[in-house]
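Input: a single structure, listed below in structure tokens.
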Amino acid sequence: MISLESVSLHFGNHKLFENISFLVSSKDRIGLVGKNGAGKSSLFKLIVKQLSPVTGKVTVPGDITIGYLPQEISCEDSHGLLDEVMSAFKELNHLDNEIEKLNKQLTERTDYESKEYLDLADRIAEKSERLNLENAATAVATAVKTLIGLGFTESDMKRHTSEFSGGWRMRVELAKILLRSPDIFLLDEPTNHLDIESIQWLENFLKQYHGAIILISHDRAFLNAVTKRTIEITLGNIHDYKVPYSKYVELREERRAQLMAAYRNQQKQIEDTREFIERFRYKATKAVQVQSRIKQLDKMEIIEIEEDDMASINIRFPDATRAGSLPFKLENLTKKYGDHVVIDNIDMQVERGDKIAFIGKNGEGKTTLSRVLVGELDYSGTFQKGHNVKIGYYAQNQDKLLDQELTVFETLDKVAVGDIRTKLRDILGAFLFSGEDVDKKVKVLSGGEKSRLAMAKLLLEPHNVLILDEPTNHLDMRSKDILKVALQRFKGTFIVVSHDREFLNDLTTKIYEFRNKKIHEFRGGIYEYLNKKKINTLDDLNIKSEPESHDSSIKSTSEQKELYIKRKEIDKEIRKVESKIKRLEENIEKAENEISEMGEMLTGGVNKDDHEFYNNYQKMRDKIELMLSDWEQLQNEIEILNAKRNSVI
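Each residue of the sequence shown is one higher than the one before, counting from 41 in our numbering.
What follows is the structure, encoded as structure tokens:
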């Protein structure tokens, strides 16, 4: 479907890709992985023609539709929410023209049983089915269900898009892309602005999707749920693994171990060779051997290892004085913004050593309560902070608290004490600052870079209570692992607001779910909680959120997809039988013409002793009878298949 052949992409002297090739087929589920800056987003831009390769070719057939969600997107603010999302259906009108062109191609072919013919027929049926799904009876219901799945409420439907924050407007664009039902999704970090429930809904949607998917994500659980193939970008090359992400990690470790062994052997060989050259460079008797070794070095293909692969770092939060037995105690606590109640009359008791996760839909009060706990917001009710509590707080705007005039290195150096000072560059590398980056001033860093620096700084400061609001948003997988291990070793109390299930797994032992202005306590891990709640899709949580105004006879999206898949399989069988019928009818017509000619020869006078002619004549009659019998049987099959198809409409 989409192919990259010997593609290279350079930015100045920096070679991002060098001579990479791979093919994306119509049903692929691909996870695109690699460290930040490896070129994952640039690869998407090559496919959608926002970038052009220096060498090589990116081929995307003209009739292939692409749903591309970049990390940064400009959102329209000219409509109400539902009206804006409904525009996705209008953009599908070109399907009519596509179907007409494909039908024309089909009528011009005579290779009825070939794979190419059947594939073309499949594409026509698929596009026709997509067009049929977008009729007026189901469009609004499908759009509303998609928006609810992504976390909106029924009351949001008439709100203007300008009323929503950037994260929510990103969800609007994602909804439009999903509703367009393209041949392939290119999704760049689609879960960044979603909560756990919406992520699970999106997982379920993508798992049932009929087309291809290429996904960039730092969410391991999401990758494992959606993808079945993993393409790793490393050092300008790609490694294609025909396995899901978790299996890829195992295979990559095996490859890495082999590569490291080869790297060490080669480095030893290079060292020995250079030593020989230096020792005998000026000895005339060794001149030939020296020149041979120099040529050997010049021709050697150097094995490269990513810096991350060679680095190992352990970070511990520095010890702090012991806090009291109850760091936080809340009774009848309420928080309002004007008349809008966010948290209503809640009780919560945090004990020393608790490892807590705050989860729930965006806007339910997780960040608000975090800010109350650190003293940033007023409230009504009772809030007691325990004895000797020293809070380390990481918030979405934490980067604004950094000294803008310090360099990256100076920011850490200012707070580091003890032996950890010798590892500052390693720590910065773990949070994606390397080389000249460490000498940049904070004021020139991007928002994501400042957030990572703020997290690295927090790791070096002594606190006995940590409150971390979405700490993994700007971290790659390795950085998340380093933070997670540091938290697992942390001796104090922490509260983490996060939508990353894999990060929370084996990290927290108590969960507070925020729902309907209240909090609900659950003791256990994140997957225990999800299993208990049986949250497989957002439908489990939003039964009452279905719009009452829509026809109850309209089938749900999942039911439509199930019926679509069944119809598609039946249609495929129908097309196979129809192609056999068409071929058979042509053969019957040809045979009838031959028997007609033979009949004319009979009336014209054929030698009665010409037994071979009479035998051939009889064989042809028998052949026609057999073909007509086969034709009747195929017609019966068509009737049965059509009846079967009608039963699933």
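A virtual CB, placed ideally from N, CA and C, is assigned to each residue, including glycine.
Residue burial classification, residue i (beta-carbon count within 10 angstroms, cutoff 16)
i	result
residue 340	exposed
residue 318	exposed
residue 694	The structure shown does not extend to residue 694, since the chain spans only 41 to 689, so no value can be given for it.
residue 584	In this prediction, residue 584 has a pLDDT of 38, which is less than 50 and means its spatial position is unreliable; what the coordinates show is noted afterwards. Its Cβ having fewer than 16 others within 10 Å, residue 584 is exposed.
residue 683	exposed
residue 221	buried
residue 101	exposed
residue 589	Only weak support exists for where residue 589 lies, its pLDDT of 39 falling under 50; the coordinates are left without a value.
residue 215	buried
residue 572	exposed
residue 470	buried
residue 51	exposed
residue 379	exposed
residue 350	Residue placement at residue 350 cannot be trusted, given a pLDDT of 40 that sits under 50; what the coordinates show is reported in the next sentence. Exposed is the call here.
residue 53	exposed
residue 288	buried
residue 385	exposed
residue 641	exposed
residue 365	exposed
Proximity of residue i and residue j at Cβ, strictly below 8 angstroms
i	j	result
residue 98	residue 47	yes
residue 541	residue 236	yes
residue 414	residue 507	yes
residue 548	residue 369	no
residue 285	residue 263	yes
residue 551	residue 397	yes
residue 223	residue 87	no
residue 164	residue 142	yes
residue 85	residue 72	no
Same chain, Cβ closer than 7 angstroms to residue i, neighbours up to 5 away in sequence not counted
i	result
residue 145	160
residue 162	612
residue 82	49, 56, 91
residue 419	373, 374, 375, 412
residue 690	For the chain, the structure presents residues 41 to 689; residue 690 sits outside this window and is missing.
residue 431	414, 503, 505, 507
residue 472	76, 492, 516, 519
Selection from the options that minimises the alpha carbon distance to residue i
i	options	result
residue 310	419, 320, 684, 338	338
residue 693	557, 362, 559, 553	Because the chain here runs from 41 to 689, residue 693 falls outside it and cannot be looked at.
residue 112	69, 129, 87, 228	228
residue 138	125, 150, 166	166
residue 225	544, 535, 68	68
residue 399	156, 545, 210, 633	545
residue 356	532, 538, 572, 81	532
residue 484	498, 280, 444, 523	444
residue 392	420, 426, 376	426
residue 481	463, 451, 218	451
residue 186	218, 378, 538	218
residue 265	296, 515, 255, 271	255
residue 467	436, 380, 520, 503	520
residue 428	462, 504, 497	504
residue 74	568, 534, 515	515
residue 606	164, 250, 203, 62	250
residue 421	409, 432, 430	409
residue 206	189, 234, 195, 182	234
6 angstroms Cβ shell around residue i - same chain, five flanking residues per side excluded
i	result
residue 153	619
residue 614	681
residue 530	357
residue 320	326, 330
residue 560	553
residue 523	none
residue 390	367, 368
Cross-strand partners of residue i (DSSP beta bridge)
i	result
residue 43	63, 99
residue 388	370
residue 397	536, 551
residue 277	274
residue 262	Note: residue 262 sits in no beta bridge, so no partner.
residue 506	432, 534
residue 380	377
residue 55	50
Own chain partners of residue i with C-beta closer than 8 angstroms, once the 5 adjacent residues on each side are dropped
i	result
residue 631	660, 663, 664, 667
residue 333	313, 316, 317
residue 671	621, 624, 625, 628
residue 678	614, 617, 618, 621
residue 387	370, 371, 372, 373
residue 446	454, 481, 482
residue 638	653, 656, 657, 660
residue 62	43, 44, 271, 278, 280
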